[in-house]
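Chains as they are written, first to last, in the numbering used here: chain Y, 1 to 566; chain C, 567 to 902.
Before any comments, here is the structure.
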């Protein structure tokens with residue numbers, strides 16, 4: 001009979017009763033503390049329901065509000081009563097009414113009997129752990145906290161601010177080093193009685209009663225003064241979310257809890273009947289032991305915190321709609337934007353699709369419709385090609401497209417004819433890889449069969465749009481991977497940039513050279529065409545320098561770099 | 567937010583409360599079992615008209631979820647909905663023959679009932695064709711969710727409307743009483759939703775889905791709103807402003823995270839598109855009691871006559887809430 005249980009209860013007394021009976025059945029003496037907020041009638045009924053148990057006491061009732069001294073005072077009283085009334089107790093285990101023993105109590109008793117001098121209490125210095133709530137860590141111990149964080153947040157915050165402004169600092173008594181840790185501990189009689197009968201206890205109590213969340217630091221700090229052997233971990237499995245609130249266990253956690261290596265879990269949802277039925281049985285009815293795998297529990301709960309604080313990058317949905325700069329990723333995957341390539345090369349899109357494993361779309365932001373790959377009118381996610389729908393919210397269109405096709409690299413064509421509203425979104429997106437052959441929009445005009453005056457005004461319009469776009473791409477806000485060539489530059493040596501772009505797209509590609517090159521449009525007379533525009537007073541400058549007589553129609557195949565061929 | 571603005575919002579809320587009192591006068595209690603309501607019970611509020619065929623499944627679905635009491639307004643049904651509901655032991659029923667439109671599509675009636683019976687309860691406001699889905703709904707009753715929300719100091723919970731539709735013509739498979747409508751309307755659009763923030767009320771405005779894709783591809787701004795906040799820890803000072811899309815005070819509309827994380831959220835499976843739909847659309851066109859003079863129904867009727875299929879090859883077949891979570895339509899947030 002080495003373990004005594006101190007149990008703090010405040011709600012779900014029915015469950016607390018069941019758990020108390022379970023402890024008692026294994027012969028553990030109990031001291032129960034019920035919160036003052038439990039109505040006297042309910043408390044009396046609770047007391048009566050446990051009358052038949054042999055070693056049970058009820059300690060003086062305190063008000064136990066989260067983060068306040070009351071919890072420590074309650075633990076102190078109950079622990080004193082335990083030590084005084086049950087002299088055979090060697091270890092005192094602090095538990096709550098919503099704790100559930102995961103392993104047979106006899107196992108716990110044996111475990112502790114084998115470690116008679118060990119105190120199990122999680123205890124770490126503030127500098128070493130990242131547990132901060134409300135932006136307070138070391139200040140927990142150097143400021144005063146007379147107000148409730150839950151009920152009087154405004155006063156709480158103001159008083160903290162005031163103390164910071166006045167640079168008030170409390171002195172920590174006795175040269176102690178403050179430690180923090182889980183409030184659920186298991187201490188030996190020696191350590192606990194030393195803490196409770198310390199001559200300086202009044203000083204310590206006075207100090208800690210104004211510390212914030214003293215139930216996580218009082219015993220944790222003082223145990224360091226007296227303990228012979230501290231094992232800094234809690235025997236109670238308790239997971240906290242990002243607000244410092246314990247995660248709750250439900251019926252569907254049954255298999256998970258069976259794999260815990262802890263003796264007790266908290267906090268259990270009071271109506272999780274399957275859990276209570278499964279764990280509150282005698283040894284005969286207990287389930288077969290499974291190999292402990294606490295890492296799995298850790299993973300599930302840390303993932304939940306991550307989802308709540310960082311979310312899934314690139315996802316915009318009903319409960320995740322980040323303000324600008326807080327997206328941590330405007331889109332969810334890398335994608336490539338090509339400007340001018342499909343104008344300059346006759347078969348650029350099918351070629352790119354063959355050369356990489358990516359999905360290659362046409363002009364997604366074209367004025368007529370979103371030109372999806374293979375002429376589809378609807379693609380992944382039931383995203384429609386309607387231009388009106390797309391232009392209603394171009395940002396959502398792009399984010400949806402990339403999200404819906406996750407796992408498959410997307411490429412699409414862009415140009416000055418397209419909806420330019422999306423430009424900043426793409427430019428600011430680190431996932432975007434933008435390649436521009438500036439001035440290539442002139443090629444379709446050159447090949448077209450329109451009146452020259454129309455061509456001239458269209459050329460002027462497109463040049464202006466592209467020039468604005470290029471300014472965007474060169475701005476200091478741009479986070480995308482941007483490459484810009486003038487058309488003249490590009491056709492001088494087209495293979496090198498093409499190879500670079502393709503290498504960047506596809507790690508899935510075999511490291512071979514380009515076995516096939518896209519076919520460049522026939523540019524005979526293009527120099528003269530530009531000269532004609534100039535003669536009409538419209539100066540096309542984005543395509544670089546094209547001499548009038550320059551014969552551009554050299555076969556691009558001859559430009560293949562020898563080192564690219566295996 | 568200036569004082570003037572917030573005062574305006576207060577006036578607006580007061581106005582909504584006053585309206586609900588006035589419009590509530592037309593409600594006549596038919597079966598008042600509200601004495602059964604216990605503190606902490608989760609209550610469901612609904613208003614309906616001629617939904618008899620859907621009711622058995624609807625009530626069972628929410629009973630299994632752990633709803634403790636149903637408070638329903640019958641807007642002059644002629645198909646026996648009222649008689650059916652009177653006999654249900656956990657339903658309190660009110661009748662009205664007043665105009666649905668003038669009661670702001672039922673909102674005024676329910677605001678009044680919620681203030682009277684829903685104070686300090688978690689209240690779920692859904693239509694008979696909406697099935698609420700939340701994280702872990704297959705293993706945890708709704709009480710687990712509301713307890714967790716209470717513990718996290720969260721007062722409202724968002725659930726986007728997800729339009730469900732069958733493969734093939736809407737009228738190909740008739741819906742039988744008591745049948746799970748998802749067996750027929752088992753498809754949905756997984757990734758074509760458009761979101762904007764409503765700066766005035768602070769809620770998100772979500773559009774798109776099959777209705778955006780098929781009925782409003784040229785005028786997307788007219789597509790119906792899909793954002794909803796159906797589950798609220800009600801206080802008699804609260805008021806729904808426009809359907810369950812938004813509430814006052816505005817803090818209740820912040821069911822989403824703006825700093826990159828994900829709040830927990832659910833989905834309302836909207837099973838409007840069954841064989842009953844065509845008949846309903848015809849009737850509603852005549853009554854003109856729906857939003858924007860039944861513009862939605864008009865668009866449906868025009869499209870429905872020549873292109874009755876909402877299904878496309880990228881439609882997704884519904885499996886469970888986890889599928890919706892993976893697709894990014896809802897989120898567990900930090901509930902695990």
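From the three backbone atoms N, C-alpha and C, an ideal C-beta is built for every residue, glycine too.
It should be emphasised that the depicted structure is a prediction, and the values quoted were computed from it without experimental measurement.
(request) Just the C-alpha distance for residue 20(Y) and residue 754(C), rounded to the nearest angstrom, thanks. (result) Position 20 of the first chain, counted from the start, is the residue given in the question as residue 20(Y). Position 188 of the second chain, counted from the start, is the residue given in the question as residue 754(C). Approximately 50 angstroms between the Cα atoms of the pair.
(request) Name, please, each residue of chain Y whose Cβ falls closer than 9 angstroms to the Cβ of residue 702(C). (result) Position 136 of the second chain, counting from 1, holds the residue named residue 702(C). Residues of chain Y passing the Cβ test: 250 and 252.
(request) Could you name the residues of the region 373-387 of chain Y whose beta carbon sits closer than 8 angstroms to any beta carbon of chain C, in the order they occur along the chain? (result) Interface annotation for the region 373-387 of chain Y against chain C: 378, 379, 380, 381, 382, 383, 384 and 386, criterion Cβ-Cβ distance under 8 angstroms.
(request) Please report the residue range of the alpha helix (DSSP H) in which residue 582(C) lies. (result) Within the second chain, the letter at position 16 stands for residue 582(C). Per DSSP, residue 582(C) belongs to the alpha helix (DSSP H) from 569-590.
(message) For a cutoff of 8 angstroms on Cβ pairs, would you count residue 629(C) as touching chain Y?
(response) Taking the second chain and counting its residues from 1, one reaches residue 629(C) at position 63. So, not an interface residue.
(request) Take every Cβ of the region 444-464 of chain Y, pair it with every Cβ of the region 347-359 of chain Y, and state whether three or more of those distances are shorter than 8 angstroms. (result) no
(message) Relative to the C-alpha of residue 470(Y), which candidate in 541(Y), 84(Y) and 251(Y) has its C-alpha closest?
(response) Sequence index remark: in the first chain, residue 470(Y) carries index 470 (1-based). Closest option to residue 470(Y), Cα to Cα, is 541(Y).
(request) Assign residue 88(Y) to buried or exposed, taking buried as 16 or more other Cβ atoms, counted over all protein chains shown, within 10 Å of its Cβ. (result) For this step, residue 88(Y) is matched to residue 88 along the first chain. Counting Cβ neighbours within 10 Å, residue 88(Y) comes out exposed, since fewer than 16 surround it.
(request) Select from 310(Y), 379(Y) and 436(Y) the residue whose C-alpha is nearest the C-alpha of residue 408(Y). (result) Counting from 1 along the first chain, the entry for residue 408(Y) is found at position 408. Checking every option, the nearest Cα to that of residue 408(Y) belongs to 379(Y).
(request) For the region 652-670 of chain C and the region 591-607 of chain C, state whether three or more C-beta atom pairs, one from each stretch, are separated by less than 8 angstroms. (result) yes
(message) Determine whether the beta carbon atoms of residue 795(C) and residue 821(C) lie at a separation below 8 angstroms.
(response) For this step, residue 795(C) is matched to residue 229 along the second chain. For this step, residue 821(C) is matched to residue 255 along the second chain. For residue 795(C) and residue 821(C), yes; Cβs fall inside 8 angstroms.
(message) Helix, strand or coil, according to DSSP, for residue 119(Y) in the structure here?
(response) Taking the first residue of the first chain as 1, we reach residue 119(Y) at position 119. Strand at residue 119(Y).
(request) Find the residues of chain Y that neighbour residue 791(C), judging by a C-beta separation of less than 9 angstroms, and give them in chain order. (result) Here residue 791(C) refers to the residue found at position 225 of the second chain. Within chain Y, no residue comes near residue 791(C); the closest Cβ sits about 12 angstroms away, beyond 9 angstroms.
(request) Please check the pair residue 722(C) and residue 637(C), which I expect to be a contact at CB under 8 angstroms, by giving their CB distance rounded to whole angstroms. (result) Here residue 722(C) refers to the residue found at position 156 when the second chain is read from its first residue. Here residue 637(C) refers to the residue found at position 71 when the second chain is read from its first residue. Rounded, the Cβ-Cβ distance is 19 angstroms, inconsistent with contact.
(message) If you reduce the DSSP assignment to three classes, tell me which class residue 643(C) lands in.
(response) Reading the second chain from its first residue, position 77 is the one you call residue 643(C). Of the three classes helix, strand and coil, the one that applies to residue 643(C) here is coil, per DSSP.
(request) Run down chain Y in chain order and give the residues with a C-beta less than 9 angstroms from the C-beta of residue 777(C). (result) Counting from 1 along the second chain, the entry for residue 777(C) is found at position 211. Result: empty, since nearest Cβ-Cβ is about 11 angstroms, beyond 9 angstroms.
(message) Against chain C, does residue 322(Y) count as a neighbour if the rule is that its beta carbon must be under 8 angstroms from one of theirs?
(response) Walking along the first chain from the start, residue 322(Y) turns up at place 322. At least one C-beta of chain C is nearer than 8 angstroms to the C-beta of residue 322(Y).
(request) Starting from the beta carbon of residue 821(C), find every residue of chain Y whose beta carbon is closer than 9 angstroms, and list them in chain order. (result) In the second chain, residue 821(C) corresponds to position 255, counting from 1. Within 9 angstroms Cβ-Cβ: 318 and 319.
(request) Classify residue 575(Y) as helix, strand or coil using the three-state DSSP reduction. (result) Shown here, chain Y extends from 1 to 566; a query on residue 575(Y) therefore has no answer.
(request) For the region 703-720 of chain C, enumerate the residues whose C-beta is nearer than 9 angstroms to any C-beta of chain Y, in chain order. (result) 704, 705, 706, 707, 709, 710, 713, 714, 717, 718 and 719
(message) I need the boundaries of the alpha helix (DSSP H) containing residue 335(Y), first residue and last residue.
(response) Position 335 of the first chain holds residue 335(Y). No alpha helix (DSSP H) holds residue 335(Y); the beta strand (DSSP E) holding it covers 335-339.
(request) In angstroms with no decimal places, state the Cα-to-Cα distance between residue 518(Y) and residue 448(Y). (result) As a first step, residue 518(Y) must be located in the first chain, where it is residue number 518. As a first step, residue 448(Y) must be located in the first chain, where it is residue number 448. One C-alpha to the other measures close to 21 angstroms.
(message) For a minimum of 3 consecutive residues, which ranges assigned as the beta strand (DSSP E) are wholly contained in the region 156-191 of chain Y?
(response) 186-188
(request) State the beta-bridge partners of residue 220(Y) as determined by DSSP. (result) In the first chain, counting from the first residue as 1, residue 220(Y) sits at position 220. In DSSP, residue 220(Y) forms no bridge with anything.
(message) In whole angstroms, give me the CA-to-CA distance for residue 560(Y) and residue 328(Y).
(response) In the first chain, residue 560(Y) corresponds to position 560, counting from 1. In the first chain, residue 328(Y) corresponds to position 328, counting from 1. Caution is warranted here: a pLDDT of 45 is assigned to residue 560(Y), below 50, making its placement in the model unreliable, and the coordinate value is therefore given only provisionally. Their Cα atoms are separated by approximately 40 angstroms.
(request) Report the partner residues of residue 628(C) according to the DSSP bridge assignment. (result) Position 62 of the second chain, counted from the first residue, corresponds to residue 628(C). Paired residues: none, contrary to the question.
(request) Just grab the DSSP bridge partners of residue 435(Y) for me. (result) The residue you call residue 435(Y) lines up with position 435 of the first chain. Note: residue 435(Y) sits in a beta bridge opposite 338(Y) and 483(Y).
(request) Give a yes or no on whether 8 angstroms exceeds the smallest Cβ distance from residue 403(Y) to chain C. (result) On the first chain, position 403 is the one that residue 403(Y) refers to. At least one chain C Cβ lies under 8 angstroms of residue 403(Y).
(request) Give me the Cα-Cα distance between residue 544(Y) and residue 525(Y), rounded to the nearest whole angstrom. (result) Within the first chain, numbered from 1, the residue matching residue 544(Y) stands at position 544. Within the first chain, numbered from 1, the residue matching residue 525(Y) stands at position 525. So the two alpha carbons sit approximately 16 angstroms from each other.
(message) So, at 6 angstroms on beta carbons, what are the nonlocal neighbours of residue 627(Y) in its own chain, with the 5 sequence-adjacent residues on each side left out?
(response) For residue 627(Y) there is no data in the structure shown, the boundaries of chain Y being 1 and 566.
(message) So residue 320(Y) and residue 314(Y) are supposed to be a Cβ contact under 8 angstroms. How far apart are they, rounded?
(response) The sequence position of residue 320(Y) within the first chain is 320, counting from 1. The sequence position of residue 314(Y) within the first chain is 314, counting from 1. Going by Cβ atoms, the distance from residue 320(Y) to residue 314(Y) rounds to 10 angstroms, so no, they are not a contact pair.
(message) With three or more beta-carbon pairs closer than 8 angstroms as the criterion, would you say the region 623-641 of chain C touches the region 769-781 of chain C?
(response) no
(message) If I measure Cβ to Cβ from residue 865(C) and keep anything under 7 angstroms in the same chain, skipping five residues before and after, which residues do I get?
(response) As a first step, residue 865(C) must be located in the second chain, where it is residue number 299. Excluding positions up to five away in sequence, the list reads 781 and 782.
(request) Run down chain C in chain order and give the residues with a C-beta less than 9 angstroms from the C-beta of residue 304(Y). (result) Within the first chain, numbered from 1, the residue matching residue 304(Y) stands at position 304. Ordered by position in chain C, the residues that pass the 9 angstroms Cβ test against residue 304(Y) are 898, 899, 900, 901 and 902.
(message) Give me the chain Y residues within the contact set of residue 734(C), using Cβ-Cβ distance strictly less than 9 angstroms, ordered along the chain.
(response) Counting from 1 along the second chain, the entry for residue 734(C) is found at position 168. Neighbours of residue 734(C) on chain Y: none; closest Cβ ~16 angstroms, over 9 angstroms.
(message) Measuring straight from C-alpha to C-alpha, what distance separates residue 611(C) and residue 366(Y)?
(response) The sequence position of residue 611(C) within the second chain is 45, counting from 1. The sequence position of residue 366(Y) within the first chain is 366, counting from 1. Those two C-alpha atoms are separated by around 47 angstroms.
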